[in-house]
Amino acid sequence: AYPLSGAAKEEDSNMDLAQQYLEKYYDLKTDMKQFVRRKDSNLIVKKIQEMQKFLGLEVTAKLDSDTLEVMHQPRCGVPDVGH
Amino acid sequence: FRTFLGMPKWRKTHLTYRIMKYTTDLPRDAVDSAIEKALKVWEEVTPLTFSKLYEGEADIMISFAVKEHGDFYSFDGPGYSLAHAYPPGPGFYGDIHFDDDEKWTEDTSGTNLFLVAAHELGHSLGLFHSANTEALMHPVYKSFTDLTRFRLSQDDVNGIQSLYGPPPASPEKPLVPTKSVPSVPGTPDKCDTALSFDAISTLRGEYLFFKDRYFWRKSNWNLEPEFHLISTFWPSLPSYLDAAYEDNSRDIVFIFKGNKLWAIRGNEVQVGYPRGIHTLGFPPTINKIDAAVSDKEKKKTYFFVEDKYWRFDENSQSMEQGFPRLIADDFPGVKPKVDAVFQAFGFFYFFSGSSQFEFDPNAKMVTHILKSNSWLHC
Chain X
1 AYPLSGAAKE EDSNMDLAQQ YLEKYYDLKT DMKQFVRRKD SNLIVKKIQE
51 MQKFLGLEVT AKLDSDTLEV MHQPRCGVPD VGH
Chain P
1001 FRTFLGMPKW RKTHLTYRIM KYTTDLPRDA VDSAIEKALK VWEEVTPLTF
1051 SKLYEGEADI MISFAVKEHG DFYSFDGPGY SLAHAYPPGP GFYGDIHFDD
1101 DEKWTEDTSG TNLFLVAAHE LGHSLGLFHS ANTEALMHPV YKSFTDLTRF
1151 RLSQDDVNGI QSLYGPPPAS PEKPLVPTKS VPSVPGTPDK CDTALSFDAI
1201 STLRGEYLFF KDRYFWRKSN WNLEPEFHLI STFWPSLPSY LDAAYEDNSR
1251 DIVFIFKGNK LWAIRGNEVQ VGYPRGIHTL GFPPTINKID AAVSDKEKKK
1301 TYFFVEDKYW RFDENSQSME QGFPRLIADD FPGVKPKVDA VFQAFGFFYF
1351 FSGSSQFEFD PNAKMVTHIL KSNSWLHC
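Protein chains in written order, with this note's numbering: chain X, 1 to 83; chain P, 1001 to 1378.
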């Protein structure tokens, strides 16, 4: 395996953060995990849009800086979707 | 706003809460006070009332924990998830867990406990997260530079009132009169240097100074006390009272006049009152008391009559043996007769005529002598 470039590494860790966040708060089904690694998977894009809408962000469907910033902010541990 | 799936809510309006485990970031009474303040936020817009339990199962069990703590959601260290709570219901439902890996503070230098507690209580009462970024129930923590500016948003109020309705008195009949009684000739003047009081009590974090047919209502958040007729809030209570004290754990204020006592919770005079004061264990020779105060930590209530006092054990609900004792023996420096007394910040404040004695019960000494009306912002 070749070493990831810095940008690719960062993108990867953002993807991990997003995935954990969406699993925890937006009911992203973990059993889909192995298929949602690719960032353009339809399901994870939908979940990112759902999260951006709920948190009052611009719905870009991308892990832009505003979205990443909000995901790093302290929050309540109760989910935003699902029960 | 949103509620939880199936709209779970409490089927009663008086709820109990208990703080099972404290954080070491703050003194216990600071945690108590933050939780009380957070409860008050929801009390003010609903018919709900809360009382604190010190043992047994309460509707809302509150604790601080770290990482894996026995439920499905382990905490994640400093930052990120701050706390979580469960919707209304039996057992662990309604409970609140705070992540003790956060730095809990009374101000905004860390994570403000009052703000997070108010949010989590919203969950314990049945509110889910709101997409309204101005709402308290929005999931992302937002600190305030000035905590006194904190207000529930209309979204929060709409949400909680969709579950429990508005406070008992509808807006056209304000529960809390919006304006105080205009100062009318013959009414007591709060800045009269000779002012004395009939009785004083705390009530859910506020202070009530009773005089004649009136009382001043003072809270920690407003400098200017409100001035009301007693009958505005409690039409069936007498005026020219003798004594009053709050039993914190039962969220009840006991009011004394002559050989009778009343119990009030918020605005409600409790059924089964008035009762005779001799039901507390006073001898028949006692026909009235001068003042009373309940020590919420020690759960002992002191009754002052002329130059003596009795002590009542709130746990066993009985007058203790070996009383009455002389006030001068155990409260040196406090001049009988005592008109009124209350407890605040760990001190007892005794009032006799226009003088007020701040008494430290641990040092067993008077630490300050002030004018009786020093609390009324003259």
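Where is the CB? At the ideal position from N, CA and C, for every residue including glycine.
Helix, strand or coil for LYS47/X, going by three-state DSSP, please let me know.
helix
Count the C-beta pairs between the stretch 1233–1245 of chain P and the stretch 1266–1284 of chain P that are closer than 8 Å, then say yes if the count reaches three, no if not.
yes
Quick one: which chain X residues come within Cβ less than 7 Å of GLY1079/P?
PRO74
Check the DSSP bridge columns for GLY1387/P and list the partner residues they point to.
Summary: the structure shown does not reach residue 1387/P, with chain P confined to residues 1001 through 1378, and so no result is reported for it.
Determine contact between the stretch 1141–1156 of chain P and the stretch 1012–1031 of chain P, defined as no fewer than three beta-carbon pairs at a distance below 8 Å.
no
N-terminal and C-terminal residue of the alpha helix (DSSP H) that LEU1195/P is part of
It is not in any alpha helix (DSSP H) - LEU1195/P carries neither H nor E in the DSSP assignment.
Within 8 Å (strictly less), CB to CB, does LEU63/X reach chain P?
no
Using the three-state DSSP reduction, which class does ARG1149/P fall into: helix, strand or coil?
In the structure shown, ARG1149/P sits in a helix (DSSP, three-state: H, G or I).
If you run the structure through DSSP and keep just helix, strand and coil, what is GLU69/X?
Helix, per DSSP.
For LEU1015/P, which residues from the same chain have a beta carbon less than 6 Å from its beta carbon, with the 5 sequence-adjacent residues on both sides left out?
If we look at LEU1015/P and ignore the five residues flanking it on each side, its Cβ neighbours are PHE1050, ASP1059.
Pair within 8 Å by beta-carbon distance, ASN1259/P and GLY1276/P
yes
Might you give, ordered along the chain, the residues of its own chain that have their beta carbon closer than 7 Å to the beta carbon of GLY1077/P, omitting 5 neighbours on each side?
ASP1101
Could you run through the stretch 1080–1095 of chain P and flag, in chain order, every residue whose CB is less than 7 Å away from some CB of chain X?
Going along the stretch 1080–1095 of chain P in chain order, one finds TYR1080, SER1081, LEU1082, ALA1083, HIS1084, ALA1085 with a Cβ nearer than 7 Å to chain X.
When DSSP builds the beta bridges, which residues end up paired with ILE1060/P?
TYR1017/P
DSSP state of THR1279/P, grouped into three classes?
helix
Residues that HIS1119/P contacts on chain X, provided the C-beta gap is smaller than 7 Å:
CYS76
Taking the continuous alpha helix (DSSP H) assigned at LEU1039/P, which residues delimit it?
1028–1043
Using beta carbons (cut-off 8 Å, strictly below), is VAL1041/P in contact with chain X?
no
So if I threshold CB-CB distances at 7 Å, which residues from the stretch 1125–1140 of chain P count as touching chain X?
HIS1129, ALA1131, THR1133, PRO1139, VAL1140
Give the straight-line distance between the Cα atoms of PHE1304/P and PHE1282/P, rounded to the nearest whole angstrom.
11 Å
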